[in-house]
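Residue numbers (this note's numbering): 28 to 321.
Note that the Cβ used here is the ideal one computed from N, Cα and C, for glycine as well.
Note sheet for the following structure.
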Ligand code: ADP
Ligand code: MG
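What follows is the structure, encoded as structure tokens:
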């Protein structure tokens, strides 16, 4: 099966007043996103994550290289509004600030906005809005005013608005960054649930505990892929990530430092605090036991 999204040697340079002349925001980037995958994209500020996302759903067009969506080339020719429309229908995007994404004064009208723009018949819209609000757990707020909701709730309404367009893939560009821990959890639960039900998810995040939930992580640096793979493998390479100015999950960092200091070999790919605490405690007991034995 064709990948849902494919980049071949894609380059992008911004022009305009804010742009640094000759600097690539994205450089020679090749990647594939398979249908149903959950991919996290990590990287320092300015590493090209948002530019990549905008290239994926045709907010930007590359200067060179090609992009394919479900095998259809969306670059290298004059594109019609229809072409853009078809891609946006398949690849939805949720941004960082929920306040900038809410357009209506009632939740259900906000969610209906996307499908209305797609020309979906009104009966079908009704159905989609209800379904989408159910999925994000916001059905009971259907008649509420969005501006009175919490950040996490607003972001879930924004997600419902994208779901109602029935995309195959949703890109979340730091969509949890402005939320409190509770809101982040709500949104992450929603994202995981969507993926379990078949939605392709691309999660751009600074939170390592979110990235470890993905099937694959792509680490970007200076507009290129610096590292990619199974989160366990990528995060075990602690020093390499530190070199790129990135963090690793807290549990991995703790175990890495203990291993280094004491010559232990506790596995690094542990992300929940309880397991981490148990492994470290067991190790301490083991070491003490040995000492007593000696
Ligand atoms: P990230 O999302 O990883 O923080 P971006 O894709 O936003 O990175 O930015 C990549 C590079 O492109 C950075 O050097 C950034 O300064 C530059 N850039 C981003 N947006 C613009 C813009 N609108 N105009 C000029 N330069 C930009
Ligand atoms: Mg960004």
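Proximity test, residue i beta-carbon vs the ligand MG heavy atom, cut-off 7 Å
{"i": "residue 200", "result": "yes"}
{"i": "residue 177", "result": "no"}
{"i": "residue 77", "result": "yes"}
Minimum Cβ-Cβ distance from residue i to chain B less than 8 Å
{"i": "residue 128", "result": "Among the chains of the structure shown, chain B does not appear; only one protein chain is present."}
When the options are compared against residue i, the one with the closest alpha-carbon
{"i": "residue 279", "options": "307, 55, 183 and 129", "result": "307"}
{"i": "residue 137", "options": "170, 107, 84 and 109", "result": "170"}
{"i": "residue 124", "options": "208, 301 and 201", "result": "201"}
{"i": "residue 240", "options": "282, 68, 176 and 97", "result": "68"}
{"i": "residue 236", "options": "30, 298 and 315", "result": "298"}
{"i": "residue 145", "options": "168, 182, 175 and 189", "result": "189"}
{"i": "residue 208", "options": "226, 177 and 194", "result": "177"}
{"i": "residue 238", "options": "274, 251 and 252", "result": "274"}
{"i": "residue 158", "options": "133, 268 and 186", "result": "186"}
{"i": "residue 99", "options": "246, 28, 269 and 40", "result": "28"}
{"i": "residue 225", "options": "246, 254 and 194", "result": "194"}
{"i": "residue 30", "options": "42, 77 and 117", "result": "117"}
{"i": "residue 289", "options": "277, 162 and 311", "result": "311"}
{"i": "residue 90", "options": "40, 181 and 261", "result": "40"}
{"i": "residue 272", "options": "282, 281, 246 and 283", "result": "246"}
{"i": "residue 135", "options": "181, 119, 127 and 120", "result": "181"}
Distance cut-off 7 Å: residue i Cβ against heavy atoms of the ligand ADP
{"i": "residue 72", "result": "yes"}
{"i": "residue 279", "result": "no"}
{"i": "residue 45", "result": "yes"}
{"i": "residue 88", "result": "no"}
{"i": "residue 238", "result": "no"}
{"i": "residue 41", "result": "yes"}
{"i": "residue 235", "result": "no"}
{"i": "residue 50", "result": "yes"}
Rounded C-alpha distance that separates residue i from residue j
{"i": "residue 56", "j": "residue 256", "result": "16 Å"}
{"i": "residue 320", "j": "residue 294", "result": "Below a pLDDT of 50, predicted positions are generally treated as unreliable, and residue 320, at 48, falls in that range; no measurement from the model is reported."}
{"i": "residue 249", "j": "residue 205", "result": "24 Å"}
{"i": "residue 223", "j": "residue 184", "result": "19 Å"}
{"i": "residue 36", "j": "residue 93", "result": "7 Å"}
{"i": "residue 65", "j": "residue 174", "result": "30 Å"}
{"i": "residue 70", "j": "residue 58", "result": "16 Å"}
{"i": "residue 130", "j": "residue 313", "result": "59 Å"}
{"i": "residue 199", "j": "residue 263", "result": "25 Å"}
{"i": "residue 315", "j": "residue 259", "result": "29 Å"}
{"i": "residue 179", "j": "residue 63", "result": "24 Å"}
{"i": "residue 111", "j": "residue 103", "result": "14 Å"}
{"i": "residue 203", "j": "residue 227", "result": "18 Å"}
{"i": "residue 142", "j": "residue 114", "result": "14 Å"}
{"i": "residue 86", "j": "residue 309", "result": "52 Å"}
{"i": "residue 164", "j": "residue 218", "result": "12 Å"}
{"i": "residue 291", "j": "residue 172", "result": "55 Å"}
{"i": "residue 210", "j": "residue 191", "result": "21 Å"}
{"i": "residue 42", "j": "residue 303", "result": "47 Å"}
{"i": "residue 75", "j": "residue 126", "result": "24 Å"}
Notebook entry, point to check: Do the segment 143 to 163 and the segment 230 to 250 meet, that is, are 3 or more Cβ pairs less than 8 Å apart?
Noted result: no
Is it a yes or a no for the segment 46 to 54 touching the segment 204 to 220, going by three-plus beta-carbon pairs under 8 Å?
no
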